[in-house]
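Written below as structure tokens is the structure these notes are about.
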Amino acid sequence: MRLFSHTFSAADILCNSLDSPNHRILRTWQICYLGGKMNPNDQYFQQQQPGYGAPPLGQNYGGMMAPPARTPVMPNQPQQFPPANGPHNMNPYGQPSPRPPMDQSYGHSPLPPQGANPHQLAQQMGGMSLADNSLKSPIPTMYPPMNGNVSPAPGSFPPRPPMASNLQASPMPPQTLTPGMALPRPGLMPPMQQMGLASPQQQYQNGPGMENMGHAVNGQQFTSPRPPMGGGFPAGQPGGFPGHPPMPFQQPPMQQQQPPQQQQGGYDSMGSRYPSSPSYPPGMSGPIPGPNSQPMPPQQQARRLDPDQMPSAIQVMEDDKRSRSGPFATSQKGLVPPLVTTPFVTQDQGNSGPRFVRSSMYSVPALPDMMKQTAVPFGLVISPFAQLEEGEQPPPVVDMGELGPVRCGRCKAYMCPFMQFIDGGRRFQCPFCKATSEVPSEYFQHLDHTGMRMDKYQRPELCLGSYEFVGTKDYCRNNVFPKPPAYIFVLDVSYNNVKSGLVHLLCQNIKSILQNLPRESVGGQKGGARVGFITYSKEVHFYNIKSSLAQPQMMVVGDVDDMFMPLLDGFLCDPVESENIIDQLMVQIPAMFADSRETETILGPAIKAGLEALKAAECVGKLLVFHSSLPIAEAPGRLKSRDERKLLGTEKEKTVLSPQTTFYNQLGQECAGFGCRVDLFVANNAFVDLATIGQVARLTGGQVYKYTYFQADLDGERLVEDVRRNVEQTVAFDSIMRVRTSTGVRPVDFYGHFFMSNTTDVETAGIDSDQAMTIEIKHDDKLTDEDGVYIQVAVLFTSPGGQRRLRIHNLALSVCNQMADLYRSCDLDTVMNLLMKQSVTKLTESSPKQIKDGLINRSAQILACYRKNCASPSSPGQLILPECMKLLPLYINCLLNCDALSGGSDMSIDDRTFNMFAVQTMHVGASLAYLYPRLVPIVDAATAAGAPEQEDQQLLLLPSPVRCTVDKLRDDGVYCLDNGIHMFLWIGLSVSPEWIHGVFNTNSAAQIDIDRTKLLELDNQRSQEVRSVIGQLRSTRQRHMRLTLVRPRDKLEFVFRKFLVEDKHGDASSSYVDFLCHLHKEIRNLLN
506 MRLFSHTFSA ADILCNSLDS PNHRILRTWQ ICYLGGKMNP NDQYFQQQQP GYGAPPLGQN
566 YGGMMAPPAR TPVMPNQPQQ FPPANGPHNM NPYGQPSPRP PMDQSYGHSP LPPQGANPHQ
626 LAQQMGGMSL ADNSLKSPIP TMYPPMNGNV SPAPGSFPPR PPMASNLQAS PMPPQTLTPG
686 MALPRPGLMP PMQQMGLASP QQQYQNGPGM ENMGHAVNGQ QFTSPRPPMG GGFPAGQPGG
746 FPGHPPMPFQ QPPMQQQQPP QQQQGGYDSM GSRYPSSPSY PPGMSGPIPG PNSQPMPPQQ
806 QARRLDPDQM PSAIQVMEDD KRSRSGPFAT SQKGLVPPLV TTPFVTQDQG NSGPRFVRSS
866 MYSVPALPDM MKQTAVPFGL VISPFAQLEE GEQPPPVVDM GELGPVRCGR CKAYMCPFMQ
926 FIDGGRRFQC PFCKATSEVP SEYFQHLDHT GMRMDKYQRP ELCLGSYEFV GTKDYCRNNV
986 FPKPPAYIFV LDVSYNNVKS GLVHLLCQNI KSILQNLPRE SVGGQKGGAR VGFITYSKEV
1046 HFYNIKSSLA QPQMMVVGDV DDMFMPLLDG FLCDPVESEN IIDQLMVQIP AMFADSRETE
1106 TILGPAIKAG LEALKAAECV GKLLVFHSSL PIAEAPGRLK SRDERKLLGT EKEKTVLSPQ
1166 TTFYNQLGQE CAGFGCRVDL FVANNAFVDL ATIGQVARLT GGQVYKYTYF QADLDGERLV
1226 EDVRRNVEQT VAFDSIMRVR TSTGVRPVDF YGHFFMSNTT DVETAGIDSD QAMTIEIKHD
1286 DKLTDEDGVY IQVAVLFTSP GGQRRLRIHN LALSVCNQMA DLYRSCDLDT VMNLLMKQSV
1346 TKLTESSPKQ IKDGLINRSA QILACYRKNC ASPSSPGQLI LPECMKLLPL YINCLLNCDA
1406 LSGGSDMSID DRTFNMFAVQ TMHVGASLAY LYPRLVPIVD AATAAGAPEQ EDQQLLLLPS
1466 PVRCTVDKLR DDGVYCLDNG IHMFLWIGLS VSPEWIHGVF NTNSAAQIDI DRTKLLELDN
1526 QRSQEVRSVI GQLRSTRQRH MRLTLVRPRD KLEFVFRKFL VEDKHGDASS SYVDFLCHLH
1586 KEIRNLLN
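Sequential numbering from 506 applies to the sequence shown in the numbering used here.
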């Protein structure tokens, strides 16, 4: 927007968005001015065309009718606007128009001809500089809010002046519905007018159905109301989009590109479509004038961008919950699933559910060049044993007897719903390699008149996307059926673990932990896992817990250089049969080592001892290793201290993030080869070199848990809960996974905790329900829409009951010829999971600056390609975001600042390595929570819950999260923040004394003992409600998070604020708003 002295003295642009399934758009809603009028024919204020909906749903697939088009859920409350002063004209809807009549005396550059595109609405933006110094002038530091208000830091720019009292707006007329297209989903993005996003319905230059854009349905029009965007607008606003004059509906001609504005002084003006910003070149206090503008008044002050007007992750999640909660049927090929934060129930109708397999895109480009041009990564996130929600059916087990699973004769793909039976049912064609194979006589079945097998819906492998086959001897090691797996507890009994209370704590709780061992009935017999116990310091101790003994026996192996198994019978026993002996042992171990003064420990020989025990018992299993210090004793696997945290964040950080020796890599490969998974529970007080010893867990599919400065009274509950969940959730042992794809695409890179002895097989000694593996898919050949893209994930594993099985997951994706379809079908959460794991993996090879620059360049290329190819020509000042990727700038900025990628010298090397290990096994839901933490107002939880729930329903309804920024923290509020690893409870200093007393049993927030890690169990409703909310939040995460209490201006508040990801933290990071401006500049550079 160009500002003229005779019309404006200040401008503050607020916008909202018209959410459409194709891209993000900013509309000007309010303009504060002191004089001047706007031209209703201005191309910036003309009506927009409704956007693309979901892909056409008319096609049938797999013999099932496609589900009907979903009607979007409209908000219940009308859009509200600030009151206007004084009477004005009536709008076409019979309501007072808050905006004065418009004429052509508005100080704009020459207007386009009357026939200009009425469907192009450009965001008016004034005066933000995207020069190089834009990121060097951050939003002012905000001190902790006092009495509900945010106080700017001393020396920050002046507060925003009040909006002009004569603000006017008039509603926009209803919008037409395009035939065959779904209604736009309302309000997926909060007001983002300040970013100058493009019109809601930019017509695609290469998009489908251009001839259908812009026609009304039977002459009728519909309104698209918006949900309330929060704050101070009066009710009674009609449907449509206020703030715009009614425009005549007409077929739009092609809009011409607006000439660029002049640029002065080497600084790029934001054009007329970018909001004001605090960062201007030296000596300038406003936007750079355009060619036809007049000088700006000297009193014009720069405005900061309002972060609340940026795309909101919370708003996207809430809108998806409203529109897509409930059943999700998988019958349609290429159907984009709900977000991971949306509660849904999968109905398996031929494709695997999104809890098992998620794709970063559900419409794959037909040509590899299109994939390369868009730069959108193509990947899969696979959680083969993910936990199911209530109402979902577990994959059924199919026993084919001696015949075994029916497979393709060429590529060995397993029978699935995508196989096509021909020749009367005697042969079938494989969708992966196009070969035809004979149907075994035992499996033959006639076809019906549609070409389907008569028994299709009686066989899970023909009608479901996920199922299991019972393996024959051919699928077993040495052609011998496996034994039930074993669990071995390997406990460091050196001085550190004894002093911290870990040894006593674990022995005290081992009985309850063993009750969570998974049990499974196989062949009518209930099989159970066996357990064993090893302790170590500088030598290794084995224990005989045979049930026939009067008391446990201990055997010591002092020669750690050549580890062997001294017990052939009695080491691994059934925990139920040997319950009494195990109880005695758990009493004796703390007593035996209570006076230990051993500080030098080993680690490699202890893990080797567990492996030898499993080999002697001829069974697979897992080791739970509880370690405390750097292994410096004279033994294989001895390490040196290299605690050089000053290298973190520098070009040399890869030297301390890589293993210092290959011993633990080789040991991990040996364990993985036999089916021995290793989980590390590290309770360290000093540097333990997790980057080296953690390789054993990484290569065997294990997890790493870290408890720095462990104290049993503070961290005991967390350790016990983590061990209990770890034991309970491991459901597959000695597994091999292979991903098969149809021709034209192929898996190339794999990310996670596993070992690969070749380029196709992913070997893990154990998989739990919390783990996921991410695979990048390469597009290397032309695809056809008739064939589609087919993916089959096959996991061969041993069940907890000792049965060899195959779990199969199938997924069919559609093929597109238009870029618009690709951008419309992306799953941003899956894209971020892939980008995060790729970036973390590169840390041991590249510098952090190269990785971060690559992320910024790729995200800019993704958005620039969309801007260039999928939106009609418009001002370069517009930032156009695809609907499915409008949160890409936010999540990329979160990734750039996360601990796994950007942890500097303010954290230890082990902490940084722990974060790197943690993100490598995260599924999509966990990675999203890690990048964008959940900030929940706890005080609202108690007040909103009201009366206690029924006795049989103890869970309270969790409050909705708020945006992760300090601006949302009220001094009279209490907030819980967690990212899956850390949990904070922030307590404002002005919280009511009644609430404080009910929860903490003190009279004020200043008296709370912030060193506590557990809330008091007080006998009142408020205390019970808060503890219930904390428990529910913890239950949704993979790890039991330690609760840290924080108050404003406490020493720990600095740590807490690091997880408010929309804010700026230090000179090395950018706030969300700053990064969005920087990314916009990068996009413009690419377009130019």
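Note that CB positions come from ideal geometry on N, CA and C, so glycine has one too.
It should be emphasised that the depicted structure is a prediction, and the values quoted were computed from it without experimental measurement.
Integer Cβ distance of residue i from residue j, believed to fall under 8 Å
i, j, result
"Ala1202", "Val1183", "5 Å"
"Asn1315", "Cys921", "5 Å"
"Thr1040", "Ile1094", "6 Å"
"Leu1393", "Ile1367", "7 Å"
C-alpha distance - residue i paired with residue j, whole-angstrom precision
i, j, result
"Thr1507", "Gly1075", "54 Å"
"Asn1014", "Arg1251", "47 Å"
"Pro859", "Asn1374", "30 Å"
"Val1471", "Asp1568", "7 Å"
"Phe1561", "Arg982", "50 Å"
"His720", "Ala1325", "Only weak support exists for where His720 lies, its pLDDT of 31 falling under 50; the value from the coordinates is given anyway. The alpha-carbon atoms of His720 and Ala1325 are separated by roughly 20 Å."
"Pro765", "Pro873", "Low per-residue confidence applies at Pro765: pLDDT is 37, beneath 50, and the placement is therefore not dependable, though the value from the model is reported in the following sentence. About 34 Å."
"Gly1271", "Ser865", "26 Å"
"Ser1026", "Gln963", "24 Å"
"Gln1058", "Cys1176", "27 Å"
"Leu1162", "Ser1351", "11 Å"
"Ser1574", "Asn1402", "6 Å"
"Ser1052", "Leu1116", "23 Å"
"Ala1365", "Leu1591", "8 Å"
"Ser1465", "Met822", "10 Å"
When the options are compared against residue i, the one with the closest alpha-carbon
i, options, result
"Tyr1000", "Asp1416, Ala1188, Val1560, Leu1144", "Ala1188"
"Ser946", "Pro1394, His954, Arg932", "Arg932"
"Gln1297", "Met957, Glu973, Pro816", "Glu973"
"Phe926", "Gln950, Arg915, Asn1593, Phe937", "Gln950"
"Lys1043", "Ile1050, Val1061, Val1027", "Val1061"
"Asn1085", "Leu1108, Pro1136, Arg863, Lys1016", "Lys1016"
"Lys1342", "Asp1079, Lys1473, Gln1425", "Gln1425"
"Phe937", "Gly930, Cys913, Thr955", "Cys913"
"Gly930", "Gly909, Asp960, Tyr919", "Asp960"
"Met815", "Glu1587, Leu1591, Val1578, His1585", "Val1578"
"Asn1338", "Leu1360, Asp1220, Asn1322", "Leu1360"
"Thr847", "Phe833, Leu1022, Gly839, Met957", "Phe833"
"Gln1165", "Arg1150, Leu1172, Leu1144", "Leu1144"
"Ser1133", "Tyr1212, His1585, Leu1311", "Tyr1212"
Boundaries (first-last residue) of the alpha helix (DSSP H) holding residue i
i, result
"Tyr1169", "1168 to 1179"
"Pro1353", "1353 to 1374"
"Ser1017", "1007 to 1019"
"Asp1579", "1577 to 1592"
"Val1161", "1159 to 1162"
"Thr879", "873 to 879"
Proximity of residue i and residue j at Cβ, strictly below 8 Å
i, j, result
"Ile887", "Val1467", "no"
"Val902", "Pro987", "no"
"Val1336", "Pro882", "yes"
"Leu1520", "Val1504", "yes"
"Ser1330", "Tyr1295", "no"
"Asn1484", "Ala1434", "yes"
"Leu1462", "Val1479", "no"
"Leu1128", "Cys1181", "yes"
"Val841", "Tyr867", "yes"
Cβ-heavy atom distance, residue i to the ligand NAD, below 7 Å
i, result
"His1258", "The ligand NAD is not part of the structure shown, which contains no ligands of any sort."
Residue i - containing beta strand (DSSP E), residue span
i, result
"Lys1211", "1209 to 1211"
"Gly884", "884 to 887"
"Asp1273", "1267 to 1273"
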